[in-house]
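**Student:** Quick note on numbering: the sequence shown equals residues 678 to 761 in my numbering. Glycine included, C-beta positions come from ideal geometry on N, C-alpha and C. Remember, it's a predicted structure, so these values are computed and weren't measured experimentally. One structure is given below, represented as structure tokens, and several questions about it will come after.
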Amino acid sequence: MGLLVNILIAAAIAFVVWRVGIFVLRSIAHPPEPPTEGQLRPVNLRYRCSICGAEVKMVQASEELPEPPRHCMEDMDLVAPPFE
678 MGLLVNILIA AAIAFVVWRV GIFVLRSIAH PPEPPTEGQL RPVNLRYRCS ICGAEVKMVQ
738 ASEELPEPPR HCMEDMDLVA PPFE
């Protein structure tokens, strides 16, 4: 009787692991749709002015990798990787 219970428990755990794996693979295969035009998306970018050293942290943008901001009449330099 104990062996049958162990087999049923193992089968139930295997089924749950299998279902979770299928769910994860489906979520990876179908990424969410991009936001509509004009809607802001979260980003984590840091820029530094090469002339005066001023820093800017950008947390929302309309694009995934937007144009760098300008400071002291020059484009600022990206100092952090765009994807953390």
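Could you check whether Tyr724 and Val733 sit closer than 8 Å to each other, using their CB atoms as the reference points?
**Tutor:** Working through the sequence shown from its first residue, we reach residue 733 at position 56. Working through the sequence shown from its first residue, we reach residue 724 at position 47. Taking a C-beta distance under 8 Å as the contact criterion, Val733 and Tyr724 qualify as a contact pair.
**Student:** State the start and end residues of the unbroken beta strand (DSSP E) segment that holds Ala738.
**Tutor:** Start at 1 with the first residue of the sequence shown, and residue 738 comes out as number 61. That run of the beta strand (DSSP E) goes Glu732 to Ala738.
**Student:** For Leu717, which of helix, strand or coil comes out of DSSP?
**Tutor:** As a first step, residue 717 is located in the sequence shown; it is residue number 40 there, counting from the start. Three-state result, Leu717: coil.
**Student:** As a quick exercise: from Leu755, Met750, Pro745 and Ser739, pick the residue whose alpha carbon is nearest that of Pro719.
**Tutor:** Here residue 719 refers to the residue found at position 42 of the sequence shown. Considering only alpha carbons, the answer is Ser739.
**Student:** Taking the DSSP output, what are the residues bridged to His748?
**Tutor:** What you label residue 748 is simply residue 71 of the sequence shown in a count that begins at 1. Partner(s): Glu751.
**Student:** Pick from Gln716, Trp695 and Leu755: whose alpha carbon is nearest that of Ser727?
**Tutor:** Mapped onto the sequence shown, residue 727 falls at position 50. For Ser727, the nearest C-alpha among the options comes from Leu755.
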